[in-house]
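Colleague: Top line first, the protein sequences correspond to chains A and B.
Numbering-wise (full-length UniProt numbering), the first sequence opens with residue 1 and increments by one.
Numbering-wise (full-length UniProt numbering), the second sequence opens with residue 1 and increments by one.
Right, I'll just put the structure down here and ask away after.
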Amino acid sequence: MCSILNSRIWQSNCWRASLYKRLQRQIITEAKHRNLSCTAHRRLMDTTGFSETQLAVRAAVGQVCSRFPNTYWQDLDQKEQDPKDFHAALAHDGWLGIALPETLGGSGLGISEATVMMQTITESGAGMAGAQAVHANVYATQPLARFGSDEQLRETIPGIISGRWRTCFGVTEPNAGLDTLRLSTTAKREGDEYVISGQKIWTTCGQVASKMILLARTTAYEDAPRPSQALSLFCIDLDRTQPGLSMRKIKKMGGRAVDANEVFFDGYRIPANTLIGEEGQGFKIVLHGMNAERCLLAGEALGLGYAALTRAATYARERVVFQRPIGMNQGVAHPLADSYMHLEAAKLATYHAARLYDASKTDSSITQEVVGVAANSAKYLAAEAAFTACERAVLAHGGMGYAAEYDVERWFRECLVPRLAPVSREMILNYVGEKALGLPKSY
Amino acid sequence: MSALRILVPVKRVIDYAVKPRVNKAQTGVETAGVKHSMNPFDDLSVEESVRIREKKRAPGGVEDICAFSAGPPKAQEILRTAMAMGADRGIHVEIKDGEELEPLTVAKLLKKSVEEQKSNLVILGKQSIDDDAGQTGQMLAGLLNWPQATQASKIEFGENDSVTVTKEIDGGVETVRAKLPMVITTDLRLNTPRYATLPNIMKAKKKKLDKKTLEDFGLTNDKRLKVLKVTEPPQRQGGGKVEDVDGLIGKLKELGAL
Numbered sequence: 001m002c003s004i005l006n007s008r009i010w011q012s013n014c015w016r017a018s019l020y021k022r023l024q025r026q027i028i029t030e031a032k033h034r035n036l037s038c039t040a041h042r043r044l045m046d047t048t049g050f051s052e053t054q055l056a057v058r059a060a061v062g063q064v065c066s067r068f069p070n071t072y073w074q075d076l077d078q079k080e081q082d083p084k085d086f087h088a089a090l091a092h093d094g095w096l097g098i099a100l101p102e103t104l105g106g107s108g109l110g111i112s113e114a115t116v117m118m119q120t121i122t123e124s125g126a127g128m129a130g131a132q133a134v135h136a137n138v139y140a141t142q143p144l145a146r147f148g149s150d151e152q153l154r155e156t157i158p159g160i161i162s163g164r165w166r167t168c169f170g171v172t173e174p175n176a177g178l179d180t181l182r183l184s185t186t187a188k189r190e191g192d193e194y195v196i197s198g199q200k201i202w203t204t205c206g207q208v209a210s211k212m213i214l215l216a217r218t219t220a221y222e223d224a225p226r227p228s229q230a231l232s233l234f235c236i237d238l239d240r241t242q243p244g245l246s247m248r249k250i251k252k253m254g255g256r257a258v259d260a261n262e263v264f265f266d267g268y269r270i271p272a273n274t275l276i277g278e279e280g281q282g283f284k285i286v287l288h289g290m291n292a293e294r295c296l297l298a299g300e301a302l303g304l305g306y307a308a309l310t311r312a313a314t315y316a317r318e319r320v321v322f323q324r325p326i327g328m329n330q331g332v333a334h335p336l337a338d339s340y341m342h343l344e345a346a347k348l349a350t351y352h353a354a355r356l357y358d359a360s361k362t363d364s365s366i367t368q369e370v371v372g373v374a375a376n377s378a379k380y381l382a383a384e385a386a387f388t389a390c391e392r393a394v395l396a397h398g399g400m401g402y403a404a405e406y407d408v409e410r411w412f413r414e415c416l417v418p419r420l421a422p423v424s425r426e427m428i429l430n431y432v433g434e435k436a437l438g439l440p441k442s443y
Numbered sequence: 001m002s003a004l005r006i007l008v009p010v011k012r013v014i015d016y017a018v019k020p021r022v023n024k025a026q027t028g029v030e031t032a033g034v035k036h037s038m039n040p041f042d043d044l045s046v047e048e049s050v051r052i053r054e055k056k057r058a059p060g061g062v063e064d065i066c067a068f069s070a071g072p073p074k075a076q077e078i079l080r081t082a083m084a085m086g087a088d089r090g091i092h093v094e095i096k097d098g099e100e101l102e103p104l105t106v107a108k109l110l111k112k113s114v115e116e117q118k119s120n121l122v123i124l125g126k127q128s129i130d131d132d133a134g135q136t137g138q139m140l141a142g143l144l145n146w147p148q149a150t151q152a153s154k155i156e157f158g159e160n161d162s163v164t165v166t167k168e169i170d171g172g173v174e175t176v177r178a179k180l181p182m183v184i185t186t187d188l189r190l191n192t193p194r195y196a197t198l199p200n201i202m203k204a205k206k207k208k209l210d211k212k213t214l215e216d217f218g219l220t221n222d223k224r225l226k227v228l229k230v231t232e233p234p235q236r237q238g239g240g241k242v243e244d245v246d247g248l249i250g251k252l253k254e255l256g257a258l
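Okay, structure coming up:
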C-alpha cells in the first residue's frame, strides 16, 4: 500500500515536474522567438546629446548582445573558452566593419560610433572578454586600412569584416613594454621575404587569430637616423604549420575566455609584400591609431562600470536586511551615487575625445596634441571610474559579490585591464603634465 | 496578379520592457527620459512585408514597401529602423510632442495615405502596446471599404490577387481568404523580426523620408474622448500559504469560491 502510495506521489510529482518544464520551455522559446531579452532594461547612463547614429548603434549592438546572457560569459570565463559564436554574431551583422571604409565593405563610421559599440558590448554583461574578442579587429585594422596597399586591403579587410579571419596586434614585448621604440623583434629582409625573430607578449586572441598586425625592427636602434624610423609594420599570416612560430597562453586574472599569449618568432618567414606602408614608417603608422584605441578602451571601461553599478543599485534596492532595503542606508547609497557621478563625468570626457578624434580628420585646427590629451584623459578617467564602480558593486553585494553567479566579481577582475592597458596611468600623467601643463619631460 | 504596394504603419511607443509610471498630474504615463521603440506588433508587420519580398511569396512581386508613422519628431527613429529592416522609404507625419491621435484620426490619415501612395495592401499591428485600442486596422478597412483579416499568424498569396490569411482566434485558428486590396493586422506568431544589421542601418540613412503634417492631408486632430484620470492598477495583495488540501478547501469556502 505504502509503495503504491509512494509511487503515486512520485508519478504525480513527475507529472508536475514535466508540466513545469514544458511551461518553462514554452516561456523560454516564446522569449527567444520574440527577441525578448531577460537583461535589465533599466539603463543608468544618460544618453542626451548622443547622435541618432550613436543611439542606433547602441540599440542594435545591444540586441545582438542580448543573445549572449551573463551565464554564457560566466561559463566561458571558467572554462577559458573563446567566445567564437559571439564574434561570429557581430561579424554576421556587419559590426566588425564599423570603422572601416565603405569601399572595403565597412560602414565608414567614426571612432565616436565604434566607442559606443565597444561600450555597449561590455555594458551588456560581456565585459572585457566580449570587448577583447573583437577589439583588435576594430582597432588594429585602422592603420592597415589607412596605409595598406590596395592589394593588401582587398586581400585582408573583407575577410576580417566577414569574420572569416580574426586578427591580433603584435606590439608589446617583454623587454620593451611602454618603451615601444626599444622593441627588439627583428624583421630582416632576405630577397622576397622578411625573416622574423623575437618575442611578443600579451597578444590577445593569438590562439584564434589567423592574421597579426606586427611591429618589428627593420633597422638597428643605433643605425637609424632617428629611433622612430627603425620600425616597420606588417600584416602577416599566423601559420602555425610553418617553422619558427610558437605561442604560449598566459594564465591571467580576468577576461579568461579570451586568450592572451607570449608569441615566439624564430626565423619565421613572411613575404615582403606584407609590409604596410614603407620600411621605417611603422612607428608613425602605429602612433596614428593610438588615440583611437584610447577612446575605445575608455568606452569599454565605461560599459563595465555602468554594468556593475546597475547591478549594485538593483541589488541595493532589492536586498532586505534589518527589515529594509540595504540601499536605504546612506553607507551603501552614497558610494554608488558617487560612482554614478564619476561615470557620467568620464562618459562626457570619453565622447568628447572621440568627437575630437573624428573631427580632427577634417578640421586641421584640432591638433594631434589636443586629441592626445583628450583621449588619454578619457582613458584615465573612465578606467578609474570603472574600477571604483566595480569594487563598490562587489562590496554592495556583501558576500554574494564574491560569488561568480552575481557577475560583479568577474567584472571586478576585468576592470584592471583598462587601468593597465594600453598605457599605464603614470605614463598618461606624464603625457598630460608635459603636453597640457608644459612641464619638463620626466623620463 | 498586381504587384504589391505595401503600406506599413508603425508607431513609436514606450519600450515593452519598461515599466510605465503614471505622471503626477494623473493625466497619462511618464514619457520623458523613458526608452521608446517600435511597437512590437509593428515590428512583425515590417518583417512580414520584407519577407514577402525576399521569399518572392507574392506572384506579382513587391513593388514598394512604405513605412508610415504619425508621431513626434523622434518617431523618425523608428522609421529608420523600419527602413534598416528593409522598408524602401518612410513617411513621417509630425505631431507635436505630447499630442496623441485617436484611432479614428489615424485611420482617416491612413486612408488618405493609401490613396496617395496607391497602396493595395496595408499590414499593421493588431494593436499598439501603449493604449491597446486595437481599432485602427478595422476602422481603416471600414473607411476604405476593403476586406480585412485581423490577428494574422500566416499570410499566403494565391492566383488572381487572392490572399489566404490564418487568424488567431479564441481557442484556435481561423482561415479566411480575400482579394487585394486588403488590410491585414499582425499577431505575435506571424514571424520573428530580424535585427537591423550595421550595413542596413547605413543604407537606411540614405533612404527617402518624407515629412508631412496633418494639414497636408486636410485633417485636424479632433478628439472624441477626454482623459479624465489615469491611475496605477491597485497593488496586488500577496497570497497566503495553506498547510494542506483541507486548508485549501477551507480557504476557498471562506472566500466564497466554493
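Backbone N, C-alpha and C fix where the C-beta goes; we use that ideal spot for every residue, glycine too.
Going by the CB atoms, is the gap between V263 of chain A and G206 of chain A shorter than 9 Å?
Modeller: Yes, they are a contact pair.
Colleague: Give the residues of chain A in contact with T197 of chain B, contact being defined as C-beta atoms less than 7 Å apart.
Modeller: Neighbours of T197 of chain B on chain A, chain order: D93 and G94.
Colleague: Report the neighbours of G244 of chain A on chain B: residues whose CB is nearer than 9 Å to its CB, in chain order.
Modeller: By Cβ distance, chain B contributes nothing, its closest Cβ being about 38 Å from G244 of chain A, past 9 Å.
Colleague: Mind checking Q142 of chain A: buried by the 16 CB within 10 Å criterion, or exposed?
Modeller: Q142 of chain A should be labelled buried.
Colleague: In its own chain, which residues sit with a C-beta less than 8 Å from the C-beta of G280 of chain A, not counting the 5 before and 5 after it?
Modeller: Here the set comprises T218, T219, A224, Q229, A230, L231 and S232.
Colleague: Where are the alpha helix (DSSP H) runs, 4 residues long or more, that stay fully inside the stretch 111 to 156 of chain A, in chain order?
Modeller: Counting only runs of 4 or more, we get 111 to 121, 127 to 139 and 141 to 147.
Colleague: Assuming Y16 of chain B contacts I129 of chain B (C-beta within less than 8 Å), just tell me the rounded distance between them.
Modeller: About 6 Å; that satisfies the 8 Å criterion.
Colleague: In terms of alpha-carbon separation, which member of A:S360, A:A382 and A:A383 lies closest to G372 of chain A?
Modeller: Comparing Cα-Cα distances from G372 of chain A to each of A:S360, A:A382 and A:A383, the minimum goes to A:S360.
Colleague: Roughly how many angstroms lie between the CA atoms of D407 of chain A and A260 of chain A, to the nearest whole one?
Modeller: Going by the C-alpha atoms only, they are around 21 Å apart.
Colleague: With a cut-off of 9 Å, does the C-beta of R89 of chain B fall near any C-beta of chain A?
Modeller: No, no contact with chain A.
Colleague: Tell me, which residues are paired with S246 of chain A by DSSP?
Modeller: Paired residue(s): A:F264.
Colleague: Rounded to whole angstroms, what is the Cα-Cα separation between L296 of chain A and P227 of chain A?
Modeller: In a straight line, the C-alpha of L296 of chain A is about 28 Å away from that of P227 of chain A.
Colleague: Nearest to I121 of chain A by alpha carbon, out of A:V134, A:D237, A:G110 and A:I111?
Modeller: Looking at the Cα atoms, A:V134 is the closest of the given residues.
Colleague: Of all the residues that make up the stretch 112 to 132 of chain A, which are near chain B by a beta-carbon distance shorter than 8 Å?
Modeller: Within the stretch 112 to 132 of chain A, no residue has a Cβ that lies closer than 8 Å to any Cβ of chain B.
Colleague: Along chain A, in chain order, which residues have C-beta atoms closer than 8 Å to that of R80 of chain B?
Modeller: The answer, in chain order, is E52 and A56.
Colleague: Between B:L255, B:R53 and B:R12, which lies nearest to R80 of chain B when the distance is taken from Cα to Cα?
Modeller: Selected option, being the one with the closest Cα: B:R12.
Colleague: Just to confirm my understanding: we take P40 of chain B, look at its own chain, exclude 5 residues before and 5 after, and list those with CB closer than 6 Å. What are they?
Modeller: The residues are Y16.
Colleague: What whole-angstrom Cβ distance do T185 of chain B and T150 of chain B have, given they're in contact under 8 Å?
Modeller: T185 of chain B to T150 of chain B, Cβ: 5 Å. Contact.
Colleague: Going along the chain, which residues of its own chain have a beta-carbon closer than 7 Å to the beta-carbon of S113 of chain B, five neighbours each way excluded?
Modeller: Cβ neighbours of S113 of chain B beyond the five flanking positions: L7, F68 and I91.
Colleague: Measuring CB to CB, does A354 of chain A end up less than 9 Å from A378 of chain A?
Modeller: Taking 9 Å as the Cβ cut-off, A354 of chain A and A378 of chain A qualify as a contacting pair.
Colleague: Helix, strand or coil for V286 of chain A? Go by DSSP, reduced to three states.
Modeller: V286 of chain A: helix per DSSP, three-state reduction.
Colleague: Comparing alpha-carbon positions, which option in A:S339, A:A89, A:G163 and A:Y268 lies nearest L309 of chain A?
Modeller: Here the closest residue by C-alpha is A:S339.
Colleague: Please report the straight-line C-alpha distance between E168 of chain B and D187 of chain B, rounded to a whole angstrom.
Modeller: Computed Cα separation, rounded: 7 Å.
Colleague: Between the C-alpha atoms of I95 of chain B and L96 of chain A, what's the straight-line distance to the nearest angstrom?
Modeller: The straight-line gap from Cα to Cα measures roughly 37 Å.
Colleague: Mind checking S246 of chain A: buried by the 16 CB within 10 Å criterion, or exposed?
Modeller: By the neighbour-count rule (16 or more Cβ atoms within 10 Å), S246 of chain A is not buried but exposed.
Colleague: On the three-state DSSP scale, how would you describe P271 of chain A?
Modeller: In the structure shown, P271 of chain A sits in a strand (DSSP, three-state: E or B).
Colleague: Is there at least one Cβ from chain A nearer than 9 Å to I201 of chain B's Cβ?
Modeller: It does: the Cβ of I201 of chain B has a partner Cβ on chain A nearer than 9 Å.
Colleague: At the 9 Å Cβ level, is Q63 of chain A part of the contact set with chain B, yes or no?
Modeller: Yes, Q63 of chain A counts as interfacial toward chain B.
Colleague: Who are the near neighbours of I52 of chain B in its chain, counting only those whose CB is closer than 8 Å to its CB and skipping five residues on each side?
Modeller: Once the five neighbours on either side are set aside, the close Cβ partners of I52 of chain B are L4, I6, A58, V62, I155 and F157.
Colleague: Since I98 of chain A meets chain B, which of its residues come closer than 8 Å, beta carbon to beta carbon?
Modeller: Under the 8 Å cutoff, chain B gives L198.
Colleague: For V18 of chain B, I'd like the list of residues in its chain whose CB is within less than 8 Å of its CB, leaving aside the five on either flank, ordered along the chain.
Modeller: Within the same chain, V18 of chain B has close Cβ partners V34 and K35.
Colleague: With respect to 8 Å, is the separation between the Cβ of C205 of chain A and the closest non-hydrogen atom of the ligand MG below this value?
Modeller: Of the ligands one can find in the structure shown there are none, so the ligand MG has no counterpart to examine.
Colleague: 9 Å is my cut-off, CB to CB: does N35 of chain A come that close to chain B?
Modeller: Confidence at N35 of chain A is low in this model, with a pLDDT of 40, below 50, so the placement of that residue is unreliable and no value is reported for it.
Colleague: Exposed or buried, T204 of chain A, counting other C-beta atoms within 10 Å across all chains shown (16 or more means buried)?
Modeller: Burial call: buried.
Colleague: What's the C-alpha gap between L104 of chain A and Q76 of chain B?
Modeller: Roughly 29 Å between the two C-alpha positions.
Colleague: Which one or two residues does DSSP pair with L209 of chain B in a beta bridge?
Modeller: The partner list for L209 of chain B (beta bridge, DSSP) reads B:G90.
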